[in-house]
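Here the structure is laid out as structure tokens; the discussion comes afterwards.
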Amino acid sequence: MTEQFRNRFIAARRSYIASQFSSLNNMQKEAVLTTDGPLLLLAGAGSGKTTVLINRIANLIRFGSGSDSGYVPENITEDDVQFLENVQEPIAELDKYRAEQLCALNPAAPWSIIAITFTNKAANEMKERVAKMMEQSGSMVWISTIHSLCVRILREDIHCMGMPRNFTVMDSDDQKAILKEAYKELGLDKTSLSFGSALDYISANKGEEVSVERAFVLAGELPGEKRKAQIYEYYVNRQNALYALDFDDLLLVTVRMFRQFAEVLDKWQKR
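If you read the sequence shown in our numbering, its first letter stands for residue 155, the second for the next number, and so on.
Below you can see the structure in the form of structure tokens.
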């Protein structure tokens, strides 16, 4: 196989794959066809970032790394190269099947792809659009918010952390209900410390992995800080009694579980 032959096939393969995403502009297409290594896409609102992600998922499922790989299978013939160089739309179903077989290189299993977005609305939109583009295979792609993903992981494996799989996920109303109990129990008034400030304090401590005991040490003899530590202690104890996790916990407990249990991490990495 000569270098010229290899280069012709690689160029023809990329050209055919690119033709399958002809509705995209050049920059969008470049992002979709980039499959080797990490990719950072920076673009303003309404510029088509979601469209790029959806088409990139489709490219990975249909063609794998074919669009930017330098690998050429040994069984490629001159007839194959000429076929790809001359194929044009509209294309017969049999020819389309042949082209896809020639161009696909380690296509990704739909269930091995995960797409994370920030809101449930955006996640649902992506699910609908991927399913519409890829039909059955699109419905098997993991598309969710980061919190939904962590809930899914924890429902399977949180027993490793000594918690039941049917733990409760707390929303903002649940958090405020616990704070009301804490303030009443500790004789505190919202005017001295708002619920929002208390939740910010709790969230910051959790994020920095500051335990309740450490929070009291850091508070020292400062009355205001000791009061915050007391609220933090009540909040955590109440959570434990209810087998409840707030939104911060969903991320933090998942990370902690992966750190502590290599076999759980390995399982999810393979999935």
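Where a beta carbon is used, it is the ideal one built from N, C-alpha and C, also for glycine.
Just so it is clear, the structure is predicted and the values come from calculations on it, not from any experiment.
Please name the residue in the options whose C-alpha comes closest to that of residue i.
i: Asp-325; options: Leu-196, Asp-311, Leu-404; result: Leu-404
i: Gly-361; options: Asp-233, Ala-185, Thr-408, Lys-330; result: Thr-408
i: Ile-215; options: Ala-185, Thr-231, Thr-189, Gly-198; result: Thr-189
i: Ser-266; options: Leu-406, Ser-293, Tyr-386; result: Ser-293
i: Gln-174; options: Ala-285, Gln-158, Glu-363, Cys-257; result: Cys-257
i: Gly-218; options: Phe-237, Glu-239, Arg-392, Ile-171; result: Ile-171
i: Gln-329; options: Pro-244, Ile-230, Ile-385; result: Ile-385
i: Met-287; options: Asp-400, Asn-394, Ile-211; result: Ile-211
i: Phe-321; options: Ser-346, Lys-250, Ala-395, Glu-375; result: Ala-395
i: Pro-264; options: Ala-246, Ser-291, Leu-248; result: Ser-291
i: Asn-161; options: Val-206, Leu-196, Glu-239; result: Glu-239
i: Val-226; options: Ala-331, Gln-255, Gly-341; result: Gln-255
i: Gly-316; options: Arg-410, Ala-165, Leu-353; result: Arg-410
i: Asp-400; options: Gln-423, Glu-243, Asp-327, Tyr-251; result: Asp-327
i: Asp-233; options: Tyr-251, Phe-349, Leu-342, Phe-159; result: Phe-159
i: Ser-176; options: Glu-243, Ile-230, Asp-343; result: Glu-243
Quick one: Cα of residue i to Cα of residue j, how far?
i: Asp-311; j: Ile-208; result: 30 Å
i: Ala-269; j: Arg-168; result: 24 Å
i: Gly-378; j: Phe-412; result: 35 Å
i: Arg-283; j: Lys-382; result: 46 Å
i: Pro-192; j: Ala-262; result: 16 Å
i: Val-418; j: Arg-425; result: 11 Å
i: Ser-357; j: Lys-380; result: 16 Å
i: Ser-221; j: Leu-187; result: 5 Å
i: Leu-372; j: Gly-202; result: 47 Å
i: Ile-297; j: Glu-339; result: 42 Å
i: Asn-213; j: Lys-183; result: 10 Å
i: Val-323; j: Asp-402; result: 10 Å
i: Thr-273; j: Ala-199; result: 15 Å
i: Thr-299; j: Phe-237; result: 43 Å
i: Leu-178; j: Ala-185; result: 10 Å
i: Ser-346; j: Tyr-337; result: 10 Å
i: Ala-331; j: Asp-420; result: 38 Å
i: Asp-354; j: Ala-197; result: 31 Å
i: Asn-391; j: Glu-335; result: 12 Å
i: Gly-341; j: Lys-275; result: 41 Å
i: Asn-278; j: Val-295; result: 12 Å
i: Ile-245; j: Tyr-251; result: 10 Å
i: Phe-349; j: Ala-285; result: 42 Å
i: Leu-406; j: Gln-393; result: 15 Å
i: Ala-374; j: Lys-344; result: This sequence places Gly at residue 374; Ala is not what is there. Each residue's alpha carbon lies about 22 Å from the other.
i: Asp-249; j: Thr-231; result: 16 Å
To the nearest whole angstrom, what separates the beta carbons of residue i and residue j, a pair I think is in contact under 8 Å?
i: Tyr-397; j: Leu-333; result: No, Tyr-397 and Leu-333 are not in contact; Cβ-Cβ is about 19 Å, not under 8 Å.
i: Val-241; j: Phe-163; result: Contact flag wrong, Cβ pair sits at about 13 Å.
i: Ser-223; j: Leu-259; result: 5 Å
i: Arg-319; j: Arg-306; result: Their Cβ separation, rounded to whole angstroms, is 11 Å, which puts Arg-319 and Arg-306 out of contact at 8 Å.
i: Phe-415; j: Cys-314; result: 5 Å
i: Met-280; j: Thr-156; result: 44 Å between Cβ atoms; not a contact.
i: Val-364; j: Glu-387; result: That belief does not hold up - the Cβ atoms of Val-364 and Glu-387 are roughly 12 Å apart, past 8 Å.
i: Leu-195; j: Val-206; result: 6 Å
i: Asn-359; j: Ala-369; result: 6 Å
What does DSSP give as the partner residues of residue i in its beta bridges?
i: Val-323; result: Leu-399
i: Trp-296; result: Ile-268
Given 7 Å as the limit, tell me if residue i has its C-beta closer than that to any heavy atom belonging to the ligand NAD.
i: Ser-221; result: Absent from the structure shown: the ligand NAD. Ligands present: none.
Verify the CB distance criterion: does residue i have a CB-CB separation below 8 Å to chain B?
i: Leu-193; result: Looking for chain B here will not work: only one protein chain is present.
- Task: Pick out the complete alpha helix (DSSP H) segments inside the region 194-260, 4 residues or longer, and give them in chain order.
- Result: 203-217, 232-240, 247-257
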